[in-house]
Amino acid sequence: MKIKKDEIIWLILFITPAISLFLLFFIIPILFLFITSFTNWDGISADFVGLKNYAKLLNNKTFIRSIINNLYWCLTAAFITVPLALIIALLLAHRSRGWKVFRTILFIPQVVSSAAIALLWLALYNSEYGLVNYLLDYIGLSEYKDHNWLGSIRTAQPALIAFSLCYVGYFMVIMLAKTAGISEEYYDAATIDGASQFQKDLHITAPLIKSAFFLCIILAVIFNLRQFEFVYLMTNGGPANRTSVLVLYIWKELSIQRLGLGNAAGVIMIVIGAILLIIMRKILKSETYN
Amino acid sequence: MIKSILKAFSIAFVSISLTLISTVSSAEITINWPSIWVGKDSKTTVINELVSEFNAANKGQIKVVIEAQTDYDIYAQKLTAMIATGKLPDVFTVGTELMDALYRSGKGMNLASHIGSDSHWNDVYPDNALESNMKDGKIFALPYELFVTPVTYNKKLLKNAGYDEFPDNYADFFKMCQAVTETGKVCTSQMTGKNAWTSMLWYSQALASVGGPDIYEKGLDDPAYVKAFEIMREMYNYTTSDAIGADAGVSGGHFLNERTAVFMNGPWFIARYTSDGIPGLHENIGVAPAPMVSGGKGGPGGYVGGRQSSLAAGKQSDPKKEEAIVKFLKWLTTPDNVARLSYSSGAMFIVKADLPDDMDRLFTEMNAQIGEAPYVAPIFLNGIGSLPISNEFPQALSALVLDEVTPEGAVQMLKDAQ
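If you're matching them up, the sequences are chains X and Z in order. Add 3 to a position in the first sequence, counting from 1, and you land on the number used in this note's numbering. So that you can map any letter, position 196 of the second sequence is 195 in this note's numbering, and since no number is skipped, the others follow by simple counting.
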């Protein structure tokens, strides 16, 4: 459709606010981030240092560990949290008795402050008075009676990631909503053909909510790339920097006024995020989540 | 019609003008103070009283508003950002670790001219106290709170383990720890969470005992840093199972609830032994200098401590507001008010104040020990003079305690953090 000359002005007027906001709150900050990443800016003064910040980061064990930990979070979300949410969504899609209650219960963690949940789990995991060890001891696993889940190299990361499964409700709701748009005719036809409920879930429901499933995977990866509050509140990246994540690493550098170095880490994080998104688009094939 | 409109406009204009004039002429100056002395802090009650009294005495002219900052780490980060952006609060407290940044930013209020023109300051501060905060002829912060960190121990728990006195050397200290453990209690409160405060104090004590009070001038290559980590490794054999990752609340909580026998913190914690400890805890507590490392360069009875916080203000463009802030700072540094703060909380201040004879027993005992101490060395957090290193200390300590690194490896982690 050809745009008329007198409509061009209105077009510009209408998109200018959006473009301005995008420039102001996205493009300009990223440019600023990129430029200052080549300096030793400490909030007060800045000198150009070239690629020194990047070299320092790529040789820093804690930074590399942070990237790996973020990948753990992303993979756990993609391969455990979201598939679990899919299974729960398929079960709740049957609309069995009490399904609304379960849907509500599973969604509750979304509406509770993540900081409150983190502090709650911090108390639950405590080795001296936490409920987790008490229950394990009660069922006979007394070797865990004094185990410091968040203070052990072996269990700190799994313990951190494990409780994040309580956020399965968010993805479950997205996929459950998608099931509402599936026509009953498919299920009627399958019933006539003698299909079991499991077969209906596998061959009708699951394929038809594939786009929502892939969307949830992408969202899960993005959320976990930005993981911060749980790690900060529960372990602060410890013990021995073993649970550090990128945003926490950046935050620590910024808090000790190494802003140039922190911004360089931010640039690397943006690049990693972009690469992950490109990979996911290729694997999941863009047309399936339109 | 036009006359009516003009009449209405005139009335409106005059009304608004009178309102504005009256507003300007009776403008109350508001001083915002993001204060960390809130909530459970032992100085909260008296600080609130002082602010209320100041506001009442200056009603209609000056009003101080406290903005509660309940977490010191978050406050420090907030202040760091404020220093970087130049948007400093009207009044604030600043720790030693941010003083350099504050001075370099040039955004603080220069108090030098006020100090020079008012005898109050030289009357209330010891000689050279204010000069020590001067840089290039400017004073951006008034030294205020001091601290030392004695060992506090539960006399009852030590007695149950067969000890009437606190050991003065580490060999005997660890024997005592073993004895306490055999009674079913845990010997020491430790923590690696956040800034590892309690353990950092122990490390500071051990470091000064091994390397002498001037250890920070010798750099991380000095073997004292390794030796102090060896002591910490042994220390963690006698602490609670949740020490790794624990924060100050957990570490202090164990001692307040008589789960541990030995603790280390500053004088501001004295009031909490009564307010938050189990009944009778305060009466059971003794204070002592940290044990000595045999053969070390520090003598017996040595302490660590330093300046806890200074009072500062943001640069003001309004001279009246600047005067109001200076007036409030004078109020906070008035000897009688400082004495009230010290009496109620047990905290120590650099301002000269006549303390009552019935100060808390622990405060009096600690003061007596400081008087005989061969030195008061800086704590590691301040003495090392590097935020990256002090930031990495908790991680190095947890790596050491979990046997991921040797004491030498822990020191290397600190070096690599620079």
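Heads up, the beta-carbon is just placed ideally off N, CA and C, and yes, glycines get one too.
- According to DSSP, Z/I28 shares a beta bridge with Z/I61.
- When Cβ-Cβ separations below 7 Å define contact, X/P242 makes contact with chain Z.
- Residues of chain Z whose Cβ lies closer than 7 Å to the Cβ of X/E131 are, in chain order, T239, S240, D241.
- From the listed residues Z/Q307, Z/G85, Z/I378, Z/G265, the smallest Cα separation to Z/A287 is found for Z/G265.
- Note on geometry: alpha-carbon atoms of X/I6 and X/L16 lie some 14 Å from one another.
- Around the beta-carbon of Z/E321, 16 or more other beta-carbon atoms lie within 10 Å, marking it buried.
- Z/M358 and Z/T333 have their C-alpha atoms spaced approximately 19 Å apart.
- Pairing Z/V150 with Z/I369 gives a Cβ-Cβ distance that is not under 7 Å.
- When 8 Å is used as the limit between beta carbons, X/R68 is near no residue of chain Z, the shortest such separation being about 11 Å.
- Taking C-beta atoms as the reference points, Z/I73 and Z/A111 fail to come closer than 7 Å.
- Approximately 5 Å separates the beta-carbon atoms of Z/D246 and Z/K193; this is inside 8 Å, confirming the contact.
- Contact of Z/L386 with chain X is assigned, a C-beta pair being separated by under 7 Å.
- For X/S258, the neighbours in chain Z by C-beta distance under 9 Å run, in chain order, D72, A75, Q76, T79, A80, L386, N390.
- In this structure the region 168-182 of chain X touches the region 215-225 of chain X; the number of beta carbon pairs closer than 8 Å is three or more.
- In the DSSP annotation of this structure, the continuous segment of the beta strand (DSSP E) that includes Z/E144 starts and ends at 140-147.
- Distance from the CA of X/M272 to the CA of X/S69, rounded to the nearest whole angstrom, comes to 10 Å.
- CA-CA distance, Z/P299 to X/F35, rounds to 54 Å.
- Boundaries of the beta strand (DSSP E) harbouring Z/I284: 284-287, taken from the DSSP string.
- By the rule that beta-carbons nearer than 7 Å mark a contact, Z/E407 does not touch chain X.
- With a cutoff of 7 Å on beta-carbon distance, Z/L87 and Z/K106 are scored as near each other.
- As the crow flies, the alpha-carbon of X/S130 is around 47 Å from that of Z/F53.
- Using a Cβ-Cβ cut-off of 7 Å, X/K255 is close to N390 of chain Z, given in chain order.
- Note that the C-beta distance between Z/V37 and Z/V50 is not below 7 Å.
- In terms of Cα proximity to X/V104, the closest of X/G172, X/L163, X/A49 is X/G172.
- For X/F110, same chain residues with a beta-carbon under 7 Å away, outside a window of 5 residues either side, are G172, V176 in chain order.
- Residues of chain Z with a Cβ closer than 9 Å to the Cβ of X/T238 are, in chain order, G192, G244.
- Per the C-alpha coordinates, the member of X/L93, X/K55, X/D9, X/A118 positioned closest to X/A215 is X/L93.
- Residues of the region 131-153 of chain X that bring their beta carbon within less than 7 Å of a beta carbon in chain Z comprise E131, D149, N151, L153, in sequence order.
- Contact between Z/A416 and Z/P393 does not hold, since their C-beta atoms are separated by about 11 Å, which reaches or exceeds 8 Å.
- Taking 7 Å as the cut-off, the beta carbon of Z/F327 is found closer than this to the beta carbon of Z/I30.
- The beta carbon of X/D140 lies closer than 8 Å to those of Y147, K148 in the same chain, with the five residues before and after it left out.
- Collapsing the DSSP output to three states places Z/V90 in a strand.
- Taking 7 Å as the cut-off between beta carbons, the residues of the region 27-46 of chain X near chain Z are G46, in sequence order.
- With respect to the 7 Å criterion, X/G241 and Z/G244 are classified as neighbours on the basis of their beta carbons.
- In the three-state reduction of the DSSP assignment, Z/T239 falls in the coil class, being assigned neither a helical nor a strand state.
- One Cα belongs to Z/G59, the other to Z/I324, and the distance between them is close to 15 Å.
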